[in-house]
Amino acid sequence: GEQPRRTAFATFVVLALGARFAYHATPFSMDEYAQVAQAYAFAQGKLSWYVPIDLLDRMIPPSFRNAFLAVNETTGETASMYWPGFAALLTPFAWAGVPWILNPALTAATLMLIHALGQRLLGGSEAGGWAMLFALGSPAFTVNAISFYSMPAHLALNLLFAWLLLDGRPSRAFLAGITGGLALILHNPVPHLLFAAPWLI
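All residue numbers for the sequence shown refer to this note's numbering, where the first residue is -1 and numbers rise by one.
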């Protein structure tokens, strides 16, 4: 609780190593693959990518078309069916060839936000420290952090949204709106809508 920055940095290092060597820096599911492929397309300044028509059935089974990936079966042009926010966050990392770094970095930032919110809502650095420990003790928190799923981005942006709103200043409320707008388009709007509803009420 007294060393949140060091804790977050150490967590980033461990999670980055996990993403690289345990998760093999590889998107394993279509939820992950669609976002990573879209990020690589964005990194090349394009909105889509092409799959050779003669390989289309082998590379993208018909059941995945228009569910995970939008595919033009005449030209092979392909794009993710998900909203583009998370792919946009991944883009600079994809351009640099290290897309696996994003979620560990977001998770480290999330730990800082958890500490700040715990401290603000419950009082004292000890409360923030306990909140960080509970997060780190959750397999869903740590395993998502080494994957290519968009959940770490959802959690980070939702907590930033709450932290900005709790500040009470109009300028911070404006920034909360921008943060919420990005959270709405990460991969679909439902997670942030559900999180924001009680705060708006």
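We put the beta carbon where it would ideally sit given N, CA and C, even for glycine. Owing to the predicted nature of the structure, the values given are computational and were not obtained by experimental measurement.
Using the DSSP secondary-structure output, state which residues sit across from residue i in a beta bridge.
| i | result |
| --- | --- |
| ALA133 | ALA133 is not bridged to any residue. |
| ALA68 | ALA77 |
| ARG63 | LEU67 |
| TYR48 | GLU75 |
Residue i: buried (16+ other C-beta within 10 angstroms of its C-beta) or exposed?
| i | result |
| --- | --- |
| SER136 | exposed |
| HIS22 | exposed |
| PHE139 | buried |
| GLY179 | exposed |
| PRO102 | buried |
| PRO168 | exposed |
| VAL69 | buried |
| LEU153 | buried |
| GLY116 | buried |
| PRO59 | exposed |
| MET57 | exposed |
| ASN64 | exposed |
I think residue i touches residue j, with their Cβ atoms under 8 Å apart; what is that distance to the nearest whole Å?
| i | j | result |
| --- | --- | --- |
| PRO82 | GLN36 | 7 Å |
| PHE26 | LEU184 | That pair is no contact at about 19 Å. |
| SER78 | GLN33 | 6 Å |
| LEU134 | THR9 | 7 Å |
| HIS113 | GLY126 | 4 Å |
I'd like the span of the alpha helix (DSSP H) that includes residue i, first residue to last.
| i | result |
| --- | --- |
| ILE112 | 100 to 120 |
| ARG18 | Segment: none, ARG18 is in no alpha helix (DSSP H) and carries neither H nor E. |
| PHE172 | 168 to 182 |
| PRO150 | 149 to 165 |
Looking at the ligand NAD, does it come within less than 7 Å of residue i, judged from the CB to the closest heavy atom?
| i | result |
| --- | --- |
| LEU153 | This structure lacks the ligand NAD; in fact it carries no ligand of any kind. |
With contact counted as at least three CB pairs below 8 Å, one residue from each stretch, are the stretch 155 to 174 and the stretch 186 to 196 in contact?
-> yes
Is the stretch 44 to 54 in contact with the stretch 65 to 81, if contact means three or more CB pairs nearer than 8 Å?
-> yes
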